[in-house]
Amino acid sequence: MLRLLLFCRGQSARQATARAAPPLTLGVSPRMLPSTMVEESTEILAHERVTESYYLLTLRAPGIAPRVQPGQFAHLRIWSRPDALLRRPFSIYQARGDTISILYKVVGKGTAALARMQPGERLDALGPLGHGFALPSPDGPEPILVAGGYGMAALYLLAERSPRRGIVFVGGRRRTDILCEAEFRALGWEVRPATEDGSYGVRGLVTEPLQVELQRHAAHRKLYACGPTPMLRAVARLAEAFGLPAELSLDEHMCCGMGVCLTCVVPVRTDGGWEYQRACTEGPVFDARQVLWEIPA
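Residue numbers (the working numbering): 996 to 1292.
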């Protein structure tokens, strides 16, 4: 048995508190690794700048692509970075044939280095990783998707593969943060945008028009959400208030992606109380009723 601790830059306050909790004891064995996981050298087929800070990266990944489920992610190693041993996690936006696509935002040195890469270059990729979304059933609750910023990347594959269409609420700070609107509409989904500065769609947070819609009609619906933690917390509150099921893709820092380093643990409810679970393996998608937004004293 090994007791593991790895410090990763950019930890959240909740994760820092988790580090102060009694250490998790973890048995490390091949059985803990996802059975569908593949590591392969992928070729960049296309790399497009979508907006000022968002890019769409398409990779030939014949080992990974057929295994991808909505809500899963890939870990990419960016060799041009001096800290290349630390992979970066990215939600898988599309998986078709032998290719995967990743929609990402430049937020730091790692993604800035990735944005400079050109078609023909290669990236080491590990995936698919994580526990994704459960596909809606044809006769089940109407799916309502809630996306904040680059959270839309994790929801598009769910929208594409869902046997039933519904509403997509997409939100961002400004017009340039509203992505994939045309793509969602082309799939037959109704799209309702919201921006905090009022430059497009409803002015305000994306959860505000969601609340209005649920007040109008909430029965036989299910929420699926990905975005910043405050948005996810608000979605969880709405799901509880209206008695709706909800699945949330948590935005946590994931250093290893395989459940070893424990930097992405989140507190979740259990039958006997609560425990920490790893967002990279048990998640990133969790039942909203499980997630503890405050660590019990």
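By construction, the Cβ of each residue, glycine as well, lies at the ideal position given by its N, Cα and C atoms.
Quick caveat, the model's predicted, so the values are computed rather than measured.
Could you tell me which whole alpha helix (DSSP H) segments of length 4 or greater appear in the segment 1102 to 1135? 1104 to 1110
Can you name, in chain order, every residue of its own chain whose Cβ lies under 6 Å from the Cβ of Leu1052, other than the five neighbours on each side? On the sequence shown, residue 1052 is found 57 positions in, with the first residue counted as 1. Closer than 6 Å at the Cβ level, and outside the excluded window around Leu1052, lie His1042, Ile1097.
Cα separation between Gly1103 and Phe1085? As a first step, residue 1103 is located in the sequence shown; it is residue number 108 there, counting from the start. As a first step, residue 1085 is located in the sequence shown; it is residue number 90 there, counting from the start. Each residue's alpha carbon lies about 14 Å from the other.
Distance check for His1212 and Leu1081, CA to CA, integer angstroms please. Along the sequence shown, one-based indexing puts residue 1081 at 86. Along the sequence shown, one-based indexing puts residue 1212 at 217. Cα to Cα, Leu1081 sits roughly 45 Å from His1212.
What's the C-alpha gap between Thr1265 and Ala1107? The residue given as residue 1265 occupies position 270 in the sequence shown. The residue given as residue 1107 occupies position 112 in the sequence shown. The straight-line gap from Cα to Cα measures roughly 40 Å.
From what residue to what residue does the beta strand (DSSP E) around Ala1142 run? Locating residue 1142 in the sequence shown gives position 147, where the first residue counts as 1. Run containing Ala1142: 1137 to 1143, per the beta strand (DSSP E) assignment.
Which value, in whole angstroms, describes the spacing of the CA atoms of Gly1278 and Val1255? Counted from its first residue, the sequence shown places residue 1278 at position 283. Counted from its first residue, the sequence shown places residue 1255 at position 260. Roughly 14 Å between the two C-alpha positions.
Outcome for Arg1198 when other beta-carbon atoms lying within 10 angstroms are tallied against a minimum of 16: Here the question's residue 1198 lines up with position 203 in the sequence shown. Exposed, because fewer than 16 other Cβ atoms sit within 10 Å of the Cβ of Arg1198.
By DSSP's criteria, Thr1190 is part of a beta bridge. Which residues make up the other side? Locating residue 1190 in the sequence shown gives position 195, counting from the first residue. According to DSSP, Thr1190 bridges with Gly1167, Arg1198.
Using DSSP's beta-bridge definition, name the partner residues of Pro1279. On the sequence shown, position 284 is the one that residue 1279 refers to. DSSP output for Pro1279 lists His1126 as bridge partner(s).
Distance, Cα to Cα, Arg992 vs Pro1291? Because residue 992 is not part of the residues shown, which for the chain are 996 to 1292, the question remains open.
Going along the chain, which residues of its own chain have a beta-carbon closer than 8 Å to the beta-carbon of Pro1223, five neighbours each way excluded? In the sequence shown, counting from the first residue as 1, residue 1223 sits at position 228. Gly1143, Gly1144, Gly1146, Asp1246.
According to DSSP, is Pro1262 helix, strand or coil? Locating residue 1262 in the sequence shown gives position 267, where the first residue counts as 1. If DSSP states are grouped into helix, strand and coil, Pro1262 belongs with the strands.
Own chain partners of Gly1005 with C-beta closer than 7 Å, once the 5 adjacent residues on each side are dropped: For the purposes of this step, residue 1005 is identified with residue 10 of the sequence shown, where counting begins at 1. Only weak support is given to the placement of Gly1005: the predicted model assigns it a pLDDT of 43, under 50, and the value that follows is read from those uncertain coordinates. His1248, listed in sequence order.
Around the Cβ of Gly1066, are there at least 16 other Cβ atoms within 10 angstroms (buried) or fewer (exposed)? The residue given as residue 1066 occupies position 71 in the sequence shown. Result: buried.
Comparing alpha-carbon positions, which option in Ala1220, Asp1192, His1215, Thr1258 lies nearest Thr1202? As a working note, residue 1202 is residue 207 in the sequence shown. The shortest Cα separation from Thr1202 among Ala1220, Asp1192, His1215, Thr1258 belongs to Ala1220.
Return yes when the Cβ of Ser1132 is within less than 8 Å of the Cβ of Arg1169, no when it is not. Here residue 1169 corresponds to residue number 174 of the sequence shown, with the count starting at 1. Here residue 1132 corresponds to residue number 137 of the sequence shown, with the count starting at 1. Not closer than 8 Å, so no.
Please classify Gly1268 as buried or exposed, where buried requires at least 16 other C-beta atoms within 10 Å of its C-beta. Counted from its first residue, the sequence shown places residue 1268 at position 273. Gly1268 should be labelled exposed.
Distance between Val1063 and Leu1239 (C-alpha atoms, nearest Å): Walking along the sequence shown from the start, residue 1239 turns up at place 244. Walking along the sequence shown from the start, residue 1063 turns up at place 68. Roughly 27 Å separates the two Cα atoms.
Contact set for Pro1158: own chain, Cβ-Cβ below 8 Å, skip 5 residues either direction: Position 163 of the sequence shown, counted from the start, is the residue given in the question as residue 1158. So the qualifying residues of the chain are Leu1130, Pro1131, Ser1132, Pro1133.
Residues bridged to Leu1071 (per DSSP): If you number the sequence shown from 1, residue 1071 lands on position 76. In DSSP, Leu1071 forms a bridge with Arg1083, Ala1120.
Grab me the residues of Gly1115's own chain with a C-beta within less than 8 Å of its C-beta, minus the 5 sequence neighbours each way, in chain order. As a working note, residue 1115 is residue 120 in the sequence shown. Correct list, in chain order: Glu1038, Ile1039.
Rounded distance between the beta-carbons of Tyr1271 and Leu1174, thought under 8 Å: As a first step, residue 1174 is located in the sequence shown; it is residue number 179 there, counting from the start. As a first step, residue 1271 is located in the sequence shown; it is residue number 276 there, counting from the start. At roughly 32 Å, the Cβ-Cβ gap does not stay under 8 Å, so Leu1174 and Tyr1271 are not in contact.
Out of Lys1100, Leu1121, Gly1105, point me to the one whose CA is closest to Ala1056's CA. Along the sequence shown, read from residue 1 onward, the residue named residue 1056 stands at position 61. Closest option to Ala1056, Cα to Cα, is Leu1121.
What do you reckon, are the CB atoms on Ile1139 and Gly1161 nearer than 8 Å? Residue mapping note: residue 1139 aligns to position 144 of the sequence shown, counting from 1. Residue mapping note: residue 1161 aligns to position 166 of the sequence shown, counting from 1. A contact, by the Cβ cut-off of 8 Å.
If Phe1068 and Ile1087 are in contact, beta carbons under 8 Å, what's the gap, nearest whole angstrom? In the sequence shown, the residue the question calls residue 1068 occupies position 73. In the sequence shown, the residue the question calls residue 1087 occupies position 92. 6 Å between Cβ atoms; contact.
Residue from Gly1058, Leu1109, Pro1188, Thr1190 with nearest C-alpha to Arg1044: Numbered from its first residue, the sequence shown carries residue 1044 at position 49. It is Leu1109.
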